[in-house]
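Which chain is which? The protein sequence lines are Y and V, in order.
Take 1 as the starting number for the first sequence in the working numbering and just add one per residue.
Take 1001 as the starting number for the second sequence in the working numbering and just add one per residue.
C-beta: ideal position from N, C-alpha, C; glycine also.
Computed from a predicted model, the values in this text were never measured in an experiment.
Read through the structure below, which is laid out as structure tokens, and then see the notes.
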Amino acid sequence: DSGVTQTPKHLITATGQRVTLRCSPRSGDLSVYWYQQSLDQGLQFLIQYYNGEERAKGNILERFSAQQFPDLHSELNLSSLELGDSALYFCASSVSSGTGPSGANVLTFGAGSRLTVL
Amino acid sequence: AQSVAQPEDQVNVAEGNPLTVKCTYSVSGNPYLFWYVQYPNRGLQFLLKYITGDNLVKGSYGFEAEFNKSQTSFHLKKPSALVSDSALYFCAVRSQTGANNLFFGTGTRLTVIP
């Protein structure tokens, strides 16, 4: 167990629907990162939050949004789902913001949430 | 722009033989480099990282990686492969300045044949 908890582990839904993925970071970690892993595109960075604030944004679609709450857990909201959104969504956490020397901090990954859109 | 290339989708090696998983990168300035491993139905696990200093980095489970600045490479190596090393391996890079996120390669599936 890495200490990063993601729920649900599996989710099957239909096109056009909306889902929420949840992540609880490892105890003491302030940063949360979201990644999408699909067969054809590998691991893609979506977004990072540090202590409740957005810190970095990657290839995140406008249909997707995320937030980090005061208790540091994070949610990734995916709306108007399409077949191509089917993927494994990973959350990772780290102690610091990732800027400067803290960029060498190791990310601890959760086990992922597998989303299937039918 | 930052990017990572793992030129081999699949690497097969016999148990007991040395293994190499290749990685080249592109980044502005000096890099932080990482290797992660993913076992089936699991998240990514950290193996090792390069920050600065000695070009040969030693990590978990007997793995090591060599940073080569002139060739912009960070190949993962192990002197003697185990069947349990079979997994998906990811190389990742981030700039020491600039963009605040980790860029991953597309992964290399390592199969160690008994």
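Check, Outcome
"Mind checking who Phe1074/V pairs with in its DSSP beta bridge?", "Phe1067/V"
"Determine the chain V residues that contact Phe109/Y at a beta-carbon separation under 9 angstroms, and present them in chain order.", "Tyr1036, Gln1038, Arg1042, Gly1043, Leu1044, Gln1045 and Phe1046"
"Can you tell me whether Tyr1036/V is buried or exposed? The criterion is at least 16 other CB atoms within 10 Å of its CB, across all chains shown.", "buried"
"Quick one: what does DSSP say Ser1026/V is sitting in, helix, strand or coil?", "strand"
"My understanding is that Val4/Y touches Cys91/Y, with C-beta atoms under 8 angstroms, so please give their C-beta distance in whole angstroms.", "6 angstroms"
"Kindly identify the DSSP beta-bridge partner or partners of Ser93/Y.", "Val32/Y and Thr108/Y"
"Assuming Pro1018/V and Pro1079/V make a contact with CB atoms under 8 angstroms, what is their CB distance in whole Å?", "5 angstroms"
"Could you run through the stretch 44-77 of chain Y and flag, in chain order, every residue whose CB is less than 7 angstroms away from some CB of chain V?", "Phe45, Gln48, Arg55, Ala56 and Gly58"
"Can you name, in chain order, every residue of its own chain whose Cβ lies under 6 angstroms from the Cβ of Ile12/Y, other than the five neighbours on each side?", "Thr116"
"Check whether chain Y comes within 9 angstroms of Thr1106/V, counting only Cβ atoms and requiring the distance to be less than that.", "yes"
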